[in-house]
Amino acid sequence: MAYYRNICFVEAPQAIVTPFPRYISDCIGVCYLAAAVEDIVESMAMPENYYNDGIFESFEKLLKSRPFDLVAISSMTGCFNNAEKLARIAKKHGITVVMGGFHPTALPEEVLDLGCVDLVVVGEGEATFRELVEKGPSREVKGLCWKENGEFVHTGMRELIRDVDSIRLPLRSIRPERFGEKSDEYTIDTIYTSRGCPWVCSFCANDKMHKQWRGRSAENVVEEIARLHDPKKKKLLKIWDANFLTNIRRVERICELMIERGLTNFRIVTETRAKDVIRAERILPKLRKIGLSKVGLGIESPNPKTLALMNKENSLDEVTTAINLLNQYGVGSEGYFIVGHYSESVEDTMPYPRFARALGLRQTLFMAMTPYPGTRIFEEYDRDNNITSRDWDLYNNFVPVIRTAHMENRDIMRMMVYCNVAFCDYRSVLKRDDNRGVLLTFLKDLFQLVFLLKVNKTLDRKEASQIVFEAFELWLGANPALDYAKTPPPPPLRQPTGVCLLHMASGKRIDFVVEQAGDRRVLKLREVPASELTPFPVVRLDEVVDAAFSLSMDALMRLLYRNELMRNNPRLTARQALALIGDRDIRKLALRFWRLYRGCLR
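Each residue of the sequence shown is one higher than the one before, starting from 1 at the first, in full-length UniProt numbering.
Next comes the structure, spelled out in structure tokens:
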């Protein structure tokens, strides 16, 4: 009989949700743990609302409703404050708490010093967790850490699981409903086809957790994919390996098996290296056939010296080749850039968006350098006293928590916003034929920009508004030249169209004016006093920031999640639209947006 028989599994949610539906938690980590002990325990459960602030109430309710003798919490760094809060709730009920994941693996003693965590699982958890459940805390169980008589007990590192096919498939049936979908029917889901990584980038914690790369067999992977496939509903499938294309032959076999079995009703996104995309050229048609929609590429910086400092073996020529290949085979690409490298200044960062566009990218993520515990970057910044905050809520890739040789937190934040502003080609604005169309498009894009600032809880609304306006001023100072032409040419504008961005605190306004120039449309920007008369709609930046900051991130995620479902399944649009109309928070957002829109036209 197992030492622990009734287990509650919890994957701590991000303290601050980033406004991208693909980053919503699918709880795969704890589903692996549940599968590892399913045959030796009496009961298992997870709390509802595990992906938002409702988790604390539902967790408390669950612990009151039935007996548990172990609570297993998994946590990333950006989730750790929530993990601690969950651990304290469990301890209040007298339940043993074991914690694992990237953050506890990196800082086991710091976690145990909190006093609310009894045990830490270090490294890959399945084998260690199963032995713990069977035997209880024991020096014979490798991979454990606890505190005894004021001293830390480390049982030694457990060997890596070499045969990753031996790991039981994640027990998704333990997951509660999410946005009305049952546990195995989620619109968005995650699969890992390998563990570890053949590379050791200085900013990545993968080496601390999973070490060297180990791939599952194609047959094992496709068995799991078959469980997720729904011929009636296309899902977004995240193949969230560190480097999916490490072994090209293995990936090709996965594609062949999926095609043979008709498992192709997916929109697949993944991440890999540019070099691997080039090596995989011959199988790109097969990847496209199984539903590969987008590949994320870690480009990080246009500066070769910066890449060398990060141990990032990236050739910028290879990046260009990879993006061209993906475009050629109808696969989207998204470039990941890091703003705030220690040696780079504001001036060094200014070329980032132009460089990204020159690569042929249509989508990018400009993220802040984040020193996650367990990485070489963390050790370097910590040693030199350049980590400015250890509030783990801020560790989400979009909030600066370091200083560099040339930039403070605020400078890095402003440059992140600038990069987003300057990367946009504003084609959606240039396509519009009247002021109302330009306004509607501009407002939508501006909201998305402000939502990125909302993830930084250290910013108040006034400061957020100031940073956004400064970013637009920076872009204006770079003399942007934007035009739009197509064949056949768009209908010529009868008169210029445009929109104005007003920042009351500075008394300034930036006018965005679309004019006809031969068979092309051009976007011209100019900064003027706020009092200058204009024929164009005026967007008051403070009002947009206030509206965006007033919306809960949970409500925003509900909106984005259902939008993802409708995007992939147009026939379900009517049903999902009704669900959105029935959502009080979404109705309030729509009403506020409409009032903003109407107010700008006055």
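Positions of the beta carbon are idealized from the N, C-alpha and C atoms, including for glycine.
- Within a 10 Å sphere around the beta-carbon of Q495 sit fewer than 16 other beta-carbons, which makes this residue exposed.
- Taking the C-beta atoms as reference points, G582 is found no nearer than 8 Å to F536.
- Around the beta carbon of M1, fewer than 16 other beta carbons sit within 10 angstroms, so the residue counts as exposed.
- One alpha carbon belongs to K147, the other to E185, and they sit about 41 Å apart.
- Judged by pairs of C-beta atoms under 8 Å, the segment 382-395 does not touch the segment 438-446, as fewer than three such pairs exist.
- In this structure, the alpha-carbon of T128 lies about 22 Å from that of D26.
- Rounded to whole angstroms, the gap between the alpha carbons of L171 and E42 is 15 Å.
- Excluding its 5 nearest sequence neighbours in each direction, I89 has C-beta neighbours in its own chain below 8 Å: F56, F59, E60, L63, listed in chain order.
- Cβ neighbours of P231 within its own chain (closer than 7 Å, five residues either side excluded): N265.
- Its Cα nearest to that of T306, the residue H341 stands out among H341, F378, L292, I283.
- D165 is not bridged by DSSP to any residue.
- Taking all protein chains shown into account, A422 has 16 or more neighbouring C-beta atoms within 10 Å of its C-beta and is therefore buried.
- As a beta-bridge residue in DSSP terms, N6 pairs with S43.
- Every beta strand (DSSP E) of 3 residues or more that sits fully in the segment 514-582 is shown, in chain order, as 520-529, 538-540.
- For V98, the enclosing beta strand (DSSP E) begins and ends at 96-100.
- Residue burial annotation: N420 is buried, with at least 16 other C-beta atoms found within 10 angstroms of its C-beta.
- The Cβ-Cβ distance between K275 and E318 falls below 8 Å.
- Annotation: the continuous alpha helix (DSSP H) that includes T349 extends over 346-349.
- For S389, same chain residues with a beta-carbon under 7 Å away, outside a window of 5 residues either side, are V401 in chain order.
- Bridge pairing for C79: absent [DSSP].
- In the DSSP assignment, A72 falls outside any alpha helix (DSSP H) and within the unbroken beta strand (DSSP E) covering 70-74.
- N435 has its alpha-carbon roughly 10 Å from the corresponding atom of T441.
- Shortest Cα-Cα distance from E84 to any of D113, P67, K234, V164 involves D113.
- Under the three-state reduction of DSSP output, T364 falls in the strand class.
- Annotated three-state conformation of V111 is helix, per DSSP.
- When DSSP states are grouped into helix, strand and coil, C255 belongs to the helix group.
- In this structure, the straight-line span from the alpha carbon of R130 to that of P137 is close to 11 Å.
- Using a Cβ distance threshold of 8 Å, E256 and N303 do not count as a contacting pair.
- Between A45 and the set V30, F593, A505, T246, the nearest pair of CA atoms involves V30.
- In this structure the segment 150-168 touches the segment 109-126; the number of beta carbon pairs closer than 8 Å is three or more.
- Here L578 is exposed: its Cβ has fewer than 16 other Cβ atoms, across all protein chains shown, within 10 Å.
- Going by beta carbons, L459 and V417 fall outside the 8 Å limit.
- Between the alpha carbons of P529 and V438 lies a distance of about 21 Å.
- Nearest Cα to P490 within the set P176, A478, R520: R520.
- Here the segment 402-410 lies against the segment 379-386, with 3 or more beta-carbon pairs under 8 Å apart.
- Between V153 and L132, the CB-CB gap reaches or exceeds 8 Å.
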